[in-house]
Amino acid sequence: MGEETYIIGSPDGLRFEFRFDRSNPKCRQQAWGEAMLFLGDEVVWADEDNGEDVPFAWSWFDLLEFLAESWPWLVLEQRYPIPVNPLYPGMFVQEAERRWQDLPETLVDDEQIKVYSFSLRHDLAMGIKGAFFPSVVIMRSGRDYFVSVPLLKRTILLPAVELLDTLTKVGDLLVGIVDEGGAGQCEPIVRKWRERELVLEEKKIAINSGLDVEARAELEGGQDPVAYWEAKDRYDSELLAVARMTSVVYSSAVQATLIQTVRNASVHDTAVLDALSMKVKEALVAEPDLPPYEQGYRLATWLREALGIVRHAPVDPETFLHGWNVEIREIELPTEADTLDAVAAWGEMHGPVVVLNTSTTCRNAHGFGRRATLAHEICHLLVDREGGLPMAEVLGGMTPSILEKRARAFAAEFLLPQAAAIEVLKTGSSVRETIGVVSDRFRVSREVAAWQIQNSPDLLSIPKSDQDEIARIVHDFGIRKES
Numbered sequence: 011m012g013e014e015t016y017i018i019g020s021p022d023g024l025r026f027e028f029r030f031d032r033s034n035p036k037c038r039q040q041a042w043g044e045a046m047l048f049l050g051d052e053v054v055w056a057d058e059d060n061g062e063d064v065p066f067a068w069s070w071f072d073l074l075e076f077l078a079e080s081w082p083w084l085v086l087e088q089r090y091p092i093p094v095n096p097l098y099p100g101m102f103v104q105e106a107e108r109r110w111q112d113l114p115e116t117l118v119d120d121e122q123i124k125v126y127s128f129s130l131r132h133d134l135a136m137g138i139k140g141a142f143f144p145s146v147v148i149m150r151s152g153r154d155y156f157v158s159v160p161l162l163k164r165t166i167l168l169p170a171v172e173l174l175d176t177l178t179k180v181g182d183l184l185v186g187i188v189d190e191g192g193a194g195q196c197e198p199i200v201r202k203w204r205e206r207e208l209v210l211e212e213k214k215i216a217i218n219s220g221l222d223v224e225a226r227a228e229l230e231g232g233q234d235p236v237a238y239w240e241a242k243d244r245y246d247s248e249l250l251a252v253a254r255m256t257s258v259v260y261s262s263a264v265q266a267t268l269i270q271t272v273r274n275a276s277v278h279d280t281a282v283l284d285a286l287s288m289k290v291k292e293a294l295v296a297e298p299d300l301p302p303y304e305q306g307y308r309l310a311t312w313l314r315e316a317l318g319i320v321r322h323a324p325v326d327p328e329t330f331l332h333g334w335n336v337e338i339r340e341i342e343l344p345t346e347a348d349t350l351d352a353v354a355a356w357g358e359m360h361g362p363v364v365v366l367n368t369s370t371t372c373r374n375a376h377g378f379g380r381r382a383t384l385a386h387e388i389c390h391l392l393v394d395r396e397g398g399l400p401m402a403e404v405l406g407g408m409t410p411s412i413l414e415k416r417a418r419a420f421a422a423e424f425l426l427p428q429a430a431a432i433e434v435l436k437t438g439s440s441v442r443e444t445i446g447v448v449s450d451r452f453r454v455s456r457e458v459a460a461w462q463i464q465n466s467p468d469l470l471s472i473p474k475s476d477q478d479e480i481a482r483i484v485h486d487f488g489i490r491k492e493s
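Position one of the sequence shown corresponds to residue 11 (the working numbering), numbered consecutively onward.
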């Protein structure tokens, strides 16, 4: 039997190319062979020969061991272990290091261990012992996966079904090769790989809640964990999603209140909203590579047109949510949770429901802030229920940053189209007066009004003096927010 080639993965996704000579005892004992790894059309892992990328010869049993040991976290884990929320998983370590600049050494030491442990279970390169490979960080987001290669400054989004199929085929291939060799030292890892689905069931609540044993016990209060988290016959639930998106940020008392509020919400039929979601999904597929903020703007423009809202007309998000049969509940959280604006949940057992924090010190206490929060949740309801957020979202929690950027841009443009703001500015007597007029007419904050003018592609069509004034106003808002 000569050398055989195996290509696993898709041309535009994560792709492995292996070459194994099964007649070689070293191959059968250690899965020794040659391999290259690609992200789309770019080479990630390879050796070099005269400036050319060539397959790297190594024991790929290391990769099998990584997959077998890390499988529960690769399949289930959807949150970071410390309070940072990078745009992409490949930026996690960089964001953590930036956070550590302002923290005491003892806390940094503790967080460094958590970050290193996270990398051990999500970075494919960490599994290859004795050789250096560029990091390939894999992390789940609902029904999708982010695959980040920091060295290439590139991240792609793949359907969970595709990514897991690729990794499963890699694991099965490597198991088949070392099984042929009958190498006893491989047996524990081979067994772990074959029993990986059983481990998922054992660890689903611990991983998907994002909570340690003590925190879970405090919330469960002696109840059966599977019943408390509504996790029978499924790996995830609305309640688990709320827990992981608020863990490491809010107290157990706040989490308990949010979880119980979502538990009390019944499931609703949302046929009209579902039909809109299908149409907006088709619009997104046409331009999948737009930056998140640009996607948000496009989605808002599309929705206003679909709903027949003219450019200069204000909108009332609450009216639309009620019309789509989305429940809105109000709770007053303690001051420690002032940065939490809302929790939204949708799934098999609850919702869609939007839970608004109505604390007097929260931004929802002002009508403009409430409208912005509800518009933000409309974006998630339209786009993310079948993608990155199939269970819930927490505005002010650990929701994936890229989805939050899109929703923020959507909310601003849905409430106040940039083109409308610029048109008002062109007929106004001064920039500051225009911001006040736009704020009152469209019922948005002055900050949102200023940012929408600043971010408009038509900004250059107004006088340079007005452009400078807008820049100063936006700068002042930024200083105020930081102080």
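C-beta: ideal position from N, C-alpha, C; glycine also.
Given the structure is predicted, the values throughout are model-derived calculations rather than measurements.
Between residue i and residue j, is the Cβ-Cβ spacing less than 9 Å?
i: ASN95; j: GLU414; result: yes
i: THR256; j: VAL404; result: yes
i: GLY220; j: MET401; result: no
i: SER369; j: GLU328; result: no
i: GLU315; j: ILE217; result: no
i: LEU173; j: LEU24; result: yes
i: ALA352; j: LEU331; result: no
i: ILE412; j: GLY397; result: no
i: VAL441; j: ASP476; result: yes
i: ILE187; j: ALA41; result: yes
i: ILE472; j: PHE420; result: no
i: ILE148; j: LEU49; result: no
i: GLN359; j: VAL277; result: The residue asked about is misnamed: residue 359 is Met in this sequence, not Gln. The answer is yes: Cβ separation under 9 Å.
i: SER151; j: LEU167; result: yes
i: VAL272; j: GLU292; result: no
i: PHE44; j: PHE66; result: The displayed chain sequence assigns Glu, not Phe, to residue 44. Yes. Within cutoff.
i: LEU183; j: TYR303; result: no
i: TYR98; j: PHE156; result: yes
i: GLY19; j: THR116; result: no
i: ALA460; j: VAL434; result: no
i: GLY232; j: VAL159; result: no
For residue i, does the three-state DSSP call read helix, strand or coil?
i: LEU210; result: helix
i: MET149; result: strand
i: PRO99; result: helix
i: ALA275; result: coil
i: SER127; result: helix
i: GLU358; result: coil
i: PHE26; result: strand
i: THR15; result: strand
i: TRP334; result: coil
Considering just the uninterrupted stretch of the beta strand (DSSP E) at residue i, what are its terminal residues?
i: GLU44; result: 42–49
i: PRO169; result: 164–169
i: SER80; result: Segment 71–86 is the alpha helix (DSSP H) holding SER80; no beta strand (DSSP E) there.
i: LEU405; result: 402–405
i: SER325; result: A small correction: the amino acid at residue 325 is Val; Ser does not occupy that position in the sequence shown. Unbroken run through VAL325: none, as it is neither H nor E.
i: TYR238; result: That residue, TYR238, is in no beta strand (DSSP E); its alpha helix (DSSP H) goes 235–238.
i: ILE341; result: 337–341
i: TRP55; result: 52–55
i: VAL259; result: Counting along the chain, VAL259 falls outside any beta strand (DSSP E), and DSSP gives it neither H nor E.
Note the first and the last residue of the continuous alpha helix (DSSP H) segment covering residue i.
i: LEU366; result: First-last for LEU366: 363–367, but that is the beta strand (DSSP E), not the alpha helix (DSSP H).
i: VAL94; result: Per DSSP, VAL94 belongs to no alpha helix (DSSP H) and is neither H nor E.
i: ASP450; result: 441–452
i: SER411; result: 411–425
i: LEU2; result: There is no way to answer for residue 2, as the model of the chain reaches only from 11 to 493.
i: GLU197; result: 197–204
i: GLU457; result: 456–464
Please report the distance separating the alpha-carbon of residue i from that of residue j.
i: GLU492; j: ARG418; result: Only weak support is given to the placement of GLU492: the predicted model assigns it a pLDDT of 39, under 50, and the value that follows is read from those uncertain coordinates. Using only the alpha carbons, I get a separation of about 19 Å.
i: LEU208; j: LYS202; result: 10 Å
i: GLU107; j: PRO144; result: 19 Å
i: PHE28; j: ASP63; result: 14 Å
i: ARG308; j: ARG204; result: 45 Å
i: SER129; j: VAL54; result: 18 Å
i: ARG153; j: ALA170; result: 5 Å
i: THR165; j: THR437; result: 43 Å
i: GLN270; j: ARG395; result: 21 Å
i: ARG490; j: VAL458; result: Its pLDDT being 49, under 50, ARG490 is placed unreliably by the model, and nothing is read from it.
i: GLY406; j: ASN374; result: 12 Å
i: TRP312; j: ASN274; result: 34 Å
i: SER127; j: ILE480; result: 45 Å
i: GLU197; j: VAL180; result: 17 Å
i: ARG206; j: PHE76; result: 12 Å
What whole-angstrom Cβ distance do residue i and residue j have, given they're in contact under 8 Å?
i: VAL336; j: LEU268; result: 17 Å between Cβ atoms; not a contact.
i: ASP468; j: ALA429; result: 7 Å
i: SER261; j: LEU229; result: Actually they do not touch by this definition, with Cβ atoms about 11 Å apart.
i: ARG131; j: SER80; result: 4 Å
i: TRP70; j: ALA141; result: Incorrect: roughly 11 Å between the Cβ atoms, too far for contact.
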